[in-house]
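Student: Residue numbers (the UniProt record's numbering): 1 to 333. Think of the CB as a built atom: it goes at the ideal place given N, C-alpha and C, for glycine as much as any other residue.
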Amino acid sequence: IHLPMYHTLAEATKYYKEADFMVNFASFRSAYQTTKEALETKTIRTVAVIAEGVPEQRTKELIKIANDKNKWIIGPATVGGIAAGGFRIGNTAGQLDNIVASKLHRQGSVAYVSKSGGLSNELNNIIAMNTDGVYEGVAIGGDAYPGSNFIQHMMRYEKNPDIKMMVLLGEVGGADEYEVVEAIKKKKITKPVVAWCIGTCSKVFPAEVQFGHAGARASTDRETADAKNKALKEAGAAVPQSFDDFDEQIKKTFDKLVKSGKHKPIPTVEPPIIPVDYAVALKTGMIRRPTQFNSSISDDRGEELRYCGIPISKIFEEDYGLGGVIGLLWFKK
Numbered sequence: 001i002h003l004p005m006y007h008t009l010a011e012a013t014k015y016y017k018e019a020d021f022m023v024n025f026a027s028f029r030s031a032y033q034t035t036k037e038a039l040e041t042k043t044i045r046t047v048a049v050i051a052e053g054v055p056e057q058r059t060k061e062l063i064k065i066a067n068d069k070n071k072w073i074i075g076p077a078t079v080g081g082i083a084a085g086g087f088r089i090g091n092t093a094g095q096l097d098n099i100v101a102s103k104l105h106r107q108g109s110v111a112y113v114s115k116s117g118g119l120s121n122e123l124n125n126i127i128a129m130n131t132d133g134v135y136e137g138v139a140i141g142g143d144a145y146p147g148s149n150f151i152q153h154m155m156r157y158e159k160n161p162d163i164k165m166m167v168l169l170g171e172v173g174g175a176d177e178y179e180v181v182e183a184i185k186k187k188k189i190t191k192p193v194v195a196w197c198i199g200t201c202s203k204v205f206p207a208e209v210q211f212g213h214a215g216a217r218a219s220t221d222r223e224t225a226d227a228k229n230k231a232l233k234e235a236g237a238a239v240p241q242s243f244d245d246f247d248e249q250i251k252k253t254f255d256k257l258v259k260s261g262k263h264k265p266i267p268t269v270e271p272p273i274i275p276v277d278y279a280v281a282l283k284t285g286m287i288r289r290p291t292q293f294n295s296s297i298s299d300d301r302g303e304e305l306r307y308c309g310i311p312i313s314k315i316f317e318e319d320y321g322l323g324g325v326i327g328l329l330w331f332k333k
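#1: Give me whichever residues DSSP pairs with residue 21 in a beta bridge.
#2: To which residues does DSSP link residue 197 through a beta bridge?
#3: Can you give me the C-alpha to C-alpha distance between residue 112 and residue 289, rounded to a whole angstrom?
#4: Since residue 134 sits in a beta bridge, which residues does DSSP pair it with?
#5: Pick helix, strand or coil for residue 226, following the three-state DSSP scheme.
#6: With DSSP as the reference, please indicate the residues paired to residue 275 in a beta bridge.
#7: Contact between the region 80-94 and the region 128-139: three or more CB pairs below 8 angstroms?
#8: For residue 226, which option in 235, 202, 126, 305 has the closest C-alpha, if you only look at C-alpha atoms?
#9: In the DSSP assignment, what residue or residues form a beta bridge with residue 155?
#10: What first and last residue would you give for the beta strand (DSSP E) that runs through residue 81?
#11: Excluding the 5 residues preceding and the 5 following residue 157 in the sequence, name in chain order all residues of the same chain whose CB lies nearer than 6 angstroms to its CB.
#12: In this structure, what does DSSP give as the bridge partners for residue 307?
#13: Quick one: using the 10 Å Cβ neighbour count with 16 as the cut-off for buried, is residue 25 buried or exposed?
#14: Specify whether the region 29-40 and the region 112-132 touch according to this definition: at least 3 beta carbon pairs, one from each stretch, less than 8 angstroms apart.
#15: Hey, residue 76 and residue 51: beta-carbon distance below 8 angstroms or not?
#16: Do you know whose CA, among 123, 145, 100, 250, lies nearest residue 175's CA?
#17: So is residue 332 in contact with chain D if we call contact Cβ pairs under 8 angstroms?
#18: Hey, quick one: how far does the alpha helix (DSSP H) through residue 63 stretch, first residue to last?
#19: Could you check whether residue 43 and residue 68 sit closer than 8 angstroms to each other, using their CB atoms as the reference points?
#20: Applying the 10 Å Cβ sphere with the 16-neighbour rule, what's the burial state of residue 178?
#21: What are the partner residues of residue 139, as DSSP defines its beta bridges?
#22: By the 10 Å Cβ neighbour count, where 16 or more other Cβ atoms means buried, how is residue 254 classified, buried or exposed?
#23: Under 8 angstroms between the Cβ atoms of residue 250 and residue 108?
#24: What's the C-alpha gap between residue 53 and residue 80?
#25: Once DSSP output is grouped into helix, strand and coil, what is the label at residue 87?
#26: Look at the alpha carbon of residue 184 and the alpha carbon of residue 160, and state the distance between them as a whole number of angstroms.
Spelled out as structure tokens, the structure:
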């Protein structure tokens with residue numbers, strides 16, 4: 001596979017003017033400068049920032065630039081996102097066999113937005129098992145100031161006629177989920193929403209707990225997962241009793257859509273043949289190791305062992321003797 005490489009973003013965009021999405025794998029030390037350069041590049045419309053640890057002040061600056069230029073940032077601290085059947089950011093959804101198992105090789109009708117990248121992969125599986133699959137999914141990242149938030153992506157989903165329902169997976173900390181609450185109340189979001197905010201266990205701790213993400217910490221009661229789940233449910237979203245019931249709630253909501261006649265499930269599409277990694281194929285026994293040496297004398301591939309092309313039974317029957325056998329070995333005759 002030949003992939004051209006360029007030393008600068010300016011050079012790359014000069015030759016590929018149609019490319020409007022940049023996946024930024026730069027470390028947290030250089031993610032700010034490279035993302036800023038991308039946002040200031042005319043042809044780039046969206047930048048996904050993978051790095052964790054980008055200073056919050058720098059992130060705020062990037063968000064302002066993106067808003068001023070009407071562009072998008074996904075991240076920082078994100079695994080990315082996926083448009084089923086079309087495009088994925090980085091290693092979203094894992095290996096190819098997992099993509100097929102989660103029906104991501106073709107478009108479904110459910111879109112999701114999540115804080116957590118790891119749980120977004122779990123959502124791919126849950127949605128595939130309980131609906132006709134994912135249409136699009138985005139992990140906005142676990143930092144306190146994500147480049148784009150829940151409501152921005154859900155309003156995109158609301159405007160897309162191919163998306164029939166939405167799934168929101170928030171978490172303890174921050175207040176972005178309340179923008180979704182208000183949008184549902186004001187009928188700006190009219191499609192069914194299944195929502196859950198993880199981190200309800202925080203109430204059992206005697207003091208504030210900082211969970212894995214930089215933004216996963218409740219400074220006020222309003223930022224707790226319980227408070228946000230309650231607000232989402234009161235607004236009209238389908239909210240389960242716990243994450244264990246999330247899949248059931250998604251299935252109920254999807255089945256209701258189908259039963260009402262508002263949606264006809266998208267049929268299953270046969271996936272293309274998936275190439276298998278050599279190391280995996282060898283480990284699972286699909287193939288065997290290539291031979292380490294080849295013998296031009298003995299051959300046991302047929303019904304009978306052959307010695308220099310002569311059936312072993314003939315050598316015994318005609319009593320080749322020691323000299324005859326050595327002749328076959330040394331002189332092949």
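Tutor: Quick answer:
#1: On the sequence shown, residue 21 is found 21 positions in, with the first residue counted as 1. Answer is 46.
#2: For the purposes of this step, residue 197 is identified with residue 197 of the sequence shown, where counting begins at 1. Bridge partners of residue 197: 170.
#3: For the purposes of this step, residue 112 is taken as residue 112 along the sequence shown, with counting starting at 1. For the purposes of this step, residue 289 is taken as residue 289 along the sequence shown, with counting starting at 1. Computed Cα separation, rounded: 43 angstroms.
#4: In the sequence shown, counting from the first residue as 1, residue 134 sits at position 134. Residue 134 is bridged to 110.
#5: As a working mapping, residue 226 is identified with position 226 in the sequence shown. DSSP places residue 226 in helix when its eight states are reduced to three.
#6: Translated into positions along the sequence shown, residue 275 becomes position 275. For residue 275, which the question treats as bridged, DSSP gives no partner whatsoever.
#7: yes
#8: Residue numbering aside, residue 226 sits at position 226 when the sequence shown is read from its first letter. Looking at the Cα atoms, 202 is the closest of the given residues.
#9: Numbered from 1 along the sequence shown, position 155 holds the residue referred to as residue 155. According to DSSP, residue 155 bridges with nothing at all.
#10: Locating residue 81 in the sequence shown gives position 81, counting from the first residue. 81-83 is the extent of the beta strand (DSSP E) around residue 81.
#11: Here residue 157 refers to the residue found at position 157 of the sequence shown. Around residue 157: 111, 163, 166.
#12: Counted from its first residue, the sequence shown places residue 307 at position 307. Answer is 298, 310.
#13: If you number the sequence shown from 1, residue 25 lands on position 25. So residue 25 ends up on the exposed side.
#14: Flag = no, the region 29-40 and the region 112-132 do not touch.
#15: Position 76 of the sequence shown, counted from the first residue, corresponds to residue 76. Position 51 of the sequence shown, counted from the first residue, corresponds to residue 51. Contact: yes.
#16: As a working note, residue 175 is residue 175 in the sequence shown. Nearest option by C-alpha distance: 145.
#17: Looking at the structure shown, chain D is missing, and only one protein chain is on hand.
#18: Against the sequence shown, residue 63 aligns to sequence position 63. Unbroken alpha helix (DSSP H) run through residue 63: 56-68.
#19: Taking the sequence shown and counting its residues from 1, one reaches residue 68 at position 68. Taking the sequence shown and counting its residues from 1, one reaches residue 43 at position 43. In this structure, residue 43 does not lie closer than 8 angstroms to residue 68 by Cβ.
#20: To locate residue 178, count along the sequence shown from 1; it is residue 178. When all chains shown are included, residue 178 counts as buried.
#21: For this step, residue 139 is matched to residue 139 along the sequence shown. Beta-bridge pairing links residue 139 to 114.
#22: Here residue 254 refers to the residue found at position 254 when the sequence shown is read from its first residue. Per the 10 Å Cβ criterion, buried.
#23: In the sequence shown, residue 250 corresponds to position 250, counting from 1. In the sequence shown, residue 108 corresponds to position 108, counting from 1. Residue 108 is positioned such that its CB atom lies no closer than 8 angstroms to that of residue 250.
#24: Taking the sequence shown and counting its residues from 1, the one referred to as residue 53 is at position 53. Taking the sequence shown and counting its residues from 1, the one referred to as residue 80 is at position 80. If I take the Cα positions, the gap works out to 16 angstroms.
#25: Reading the sequence shown from its first residue, position 87 is the one you call residue 87. Reduced to three states, the DSSP call for residue 87 is strand.
#26: Position 184 of the sequence shown, counting from 1, holds the residue named residue 184. Position 160 of the sequence shown, counting from 1, holds the residue named residue 160. Cα-Cα distance, rounded: 16 angstroms.
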